[in-house]
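Residue numbers (the numbering used here): 388 to 823.
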Ligand code: URA
């Protein structure tokens, strides 16, 4: 067996055997196959696809390239959630404490901001002192102690994915459903979970703009999770507008705290409660997703969810006093308002541009070396369907960079479309797809 033969087979649209997939992944990970050959393999796979069996084999090789965490000595089910990412997507910060307070273990290995989207790790690290780089021992102990932990991918978790992802990033082979599936699932399966809830975003602020593509990705992820014996439910949720009002790392922590303390941010709450409800159902503490939603609301109203967030933060070294009084956080040098220049109904938003505006303000990385300004971001007030009068406050921006203010205001203004006719609110949950 050799790499050239495997590349040729994929080039000619032939299916690869488990042994061939194992050979190419293992040898690339050991650096015995050079980047130029593996790039050809990736591009052949990108163009000609991988079937379900090949996708499962890719996932398995990438998963076993590193440690698969064993949490079997911790009593109770372990359920995680994965989101494909979006603008203002802070659901992990809210649902991890809710689900842990419901008595289910939540082992979460999360990512950083990618492109125009934010990442859970960056949001958590905006809480002064919060450590996301726990080692696997600390990871297990945190779950034992408080039922939830949120960390980043360690060296031990799916090292093949780390290598392959960096190469995909620079060879235009990221947007492949089987490659995305293997990449996501190899990391999730390594966490030691029993079940997984998937939030596959669709719309202008998502990586998958069309609902049909999001559903294809969801089905591929479900197929692979089921092949590994995991319980799984996928939601296709809307990303045509920011989720909630706050975009930017610390700002998203602030909004999460408000929701955990009972504030009703409708769209954000709708998505979060559905995901939390599904996790509680998979964790067998509720007989249905609906009952899980009911329990989640009760847990928020009792104050237990916010208390659990404080407990998680304390355990991971974060300053809980900042969560108890979010006004004590340091302030941006510049805070500016963006006003509506027309009247009518907000008919659509180019949510990708809102994400980009937030990056420009300092909330994300424009180059790999960039340092994030945790305070930077946007509070974006209207929703699709909102009635707007000329002069209404559309957004408030926060930054330390004076030179980006005018340009960012223009991006925000040009990303919203206002019509004269009334517009319906968006349905946040598009579809629910259950695994076997
Ligand atoms: N997120 C991942 O972890 N992997 C992908 O391939 C795409 C998004």
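Beta carbons: idealized from backbone N, C-alpha and C, even for Gly.
In this text the structure is predicted, and so the values were computed from the model without any measurement.
Which residues does DSSP list as the beta-bridge partners of residue i?
| i | result |
| --- | --- |
| residue 723 | 784 |
| residue 732 | 774 and 806 |
| residue 501 | 504 |
| residue 536 | 494 |
| residue 584 | 468 and 620 |
| residue 589 | 625 |
| residue 798 | Residue 798 is not bridged to any residue. |
| residue 634 | 765 |
Between residue i and the rest of its own chain, which residues show a CB-CB distance below 7 Å, the 5 nearest in sequence each way excluded?
| i | result |
| --- | --- |
| residue 683 | 485, 660, 663, 664 and 667 |
| residue 610 | 439 |
| residue 416 | 452, 546, 547 and 550 |
| residue 742 | 474, 503, 504 and 592 |
| residue 580 | 465, 466, 467, 494 and 617 |
| residue 422 | 554 |
| residue 402 | 438 and 441 |
| residue 552 | 570 |
Does the ligand ZN have even one heavy atom less than 8 Å from the beta-carbon of residue i?
| i | result |
| --- | --- |
| residue 579 | This structure lacks the ligand ZN; the ligands present are the ligand URA. |
From which residue to which residue does the beta strand (DSSP E) around residue i run?
| i | result |
| --- | --- |
| residue 816 | 816 to 821 |
| residue 431 | Premise fails: residue 431 lies in the alpha helix (DSSP H), 422 to 435, not in any beta strand (DSSP E). |
| residue 478 | Run containing residue 478: none in the beta strand (DSSP E); it sits in the alpha helix (DSSP H), 478 to 488. |
| residue 764 | 764 to 767 |
Following the continuous alpha helix (DSSP H) through residue i, name the residue where it begins and the one where it ends.
| i | result |
| --- | --- |
| residue 443 | 439 to 450 |
| residue 470 | Element bounds for residue 470: not the alpha helix (DSSP H) but the beta strand (DSSP E), 466 to 470. |
| residue 665 | 653 to 669 |
| residue 625 | From DSSP, residue 625 is part of no alpha helix (DSSP H) but of the beta strand (DSSP E) over 618 to 625. |
| residue 547 | 546 to 556 |
| residue 415 | 405 to 416 |
| residue 610 | 598 to 614 |
| residue 694 | 691 to 702 |
| residue 744 | 738 to 745 |
| residue 681 | 676 to 688 |
| residue 754 | No alpha helix (DSSP H) holds residue 754; DSSP gives it neither H nor E. |
| residue 391 | 390 to 398 |
| residue 707 | 707 to 711 |
| residue 570 | 564 to 576 |
Report the rounded CA-to-CA distance for residue i versus residue j, giving the unit in angstroms.
| i | j | result |
| --- | --- | --- |
| residue 426 | residue 411 | 11 Å |
| residue 776 | residue 823 | 49 Å |
| residue 507 | residue 651 | 21 Å |
| residue 532 | residue 697 | 13 Å |
| residue 750 | residue 405 | 42 Å |
| residue 572 | residue 530 | 21 Å |
| residue 429 | residue 575 | 22 Å |
| residue 577 | residue 499 | 18 Å |
| residue 632 | residue 594 | 20 Å |
| residue 481 | residue 596 | 25 Å |
| residue 394 | residue 608 | 25 Å |
| residue 673 | residue 491 | 11 Å |
| residue 728 | residue 413 | 57 Å |
| residue 827 | residue 624 | With the chain represented from 388 up to 823, any question about residue 827 goes unanswered, as that position is not in the structure. |
| residue 630 | residue 657 | 10 Å |
| residue 690 | residue 647 | 8 Å |
| residue 537 | residue 808 | 44 Å |
| residue 686 | residue 489 | 7 Å |
| residue 774 | residue 811 | 11 Å |
| residue 709 | residue 717 | 10 Å |
| residue 424 | residue 714 | 53 Å |
| residue 803 | residue 388 | 55 Å |
| residue 436 | residue 740 | 31 Å |
| residue 418 | residue 711 | 49 Å |
| residue 524 | residue 582 | 22 Å |
| residue 599 | residue 587 | 11 Å |
Enumerate in chain order the residues of its own chain whose CB-to-CB distance from residue i is below 8 Å, with the five nearest sequence positions on each side excluded.
| i | result |
| --- | --- |
| residue 487 | 493, 533, 534, 535, 695 and 699 |
| residue 461 | 492, 527, 530 and 531 |
Between residue i and chain C, is any beta-carbon pair separated by less than 9 Å?
| i | result |
| --- | --- |
| residue 623 | Given the protein chain composition of this structure (a single chain), no chain C is represented. |
Near residue i, what residues of its chain come up, given a Cβ to Cβ distance below 6 Å and the 5 sequence neighbours on each side ignored?
| i | result |
| --- | --- |
| residue 479 | 507 |
| residue 786 | 719, 721, 748, 749 and 763 |
| residue 670 | 464, 466 and 491 |
| residue 615 | 576 |
| residue 409 | 448 |
| residue 432 | 397 |
For the segment 452 to 468 and the segment 630 to 642, state whether three or more C-beta atom pairs, one from each stretch, are separated by less than 8 Å.
By the C-beta criterion, the segment 452 to 468 is judged not to be in contact with the segment 630 to 642, since fewer than 3 inter-stretch pairs fall below 8 Å.
How about the segment 751 to 758 and the segment 701 to 711: do they share at least three Cβ pairs that are nearer than 8 Å?
No, they do not touch.
Counting Cβ pairs closer than 8 Å, one from the segment 760 to 770 and one from the segment 780 to 789, do we hit at least three?
Between the segment 760 to 770 and the segment 780 to 789, the count of C-beta pairs closer than 8 Å reaches three or more; the two stretches touch.
Give a yes or no on contact between the segment 508 to 523 and the segment 674 to 692, applying the rule of three or more CB pairs nearer than 8 Å.
Using a C-beta cut-off of 8 Å, the segment 508 to 523 makes no contact with the segment 674 to 692, since fewer than three inter-stretch Cβ pairs fall below that distance.
Is it the case that the segment 465 to 479 contacts the segment 494 to 509, given that we only count it when at least three CB pairs across the two stretches are under 8 Å?
Contact between the segment 494 to 509 and the segment 465 to 479 is present, because at least three Cβ pairs lie under 8 Å.
Quick check: the segment 482 to 498 against the segment 462 to 471, are at least 3 beta-carbon pairs closer than 8 Å?
In this structure the segment 462 to 471 touches the segment 482 to 498; the number of beta carbon pairs closer than 8 Å is three or more.
Meets three-Cβ-pair contact criterion under 8 Å: the segment 729 to 748 and the segment 536 to 544
In this structure the segment 729 to 748 does not touch the segment 536 to 544; the number of beta carbon pairs closer than 8 Å is below three.
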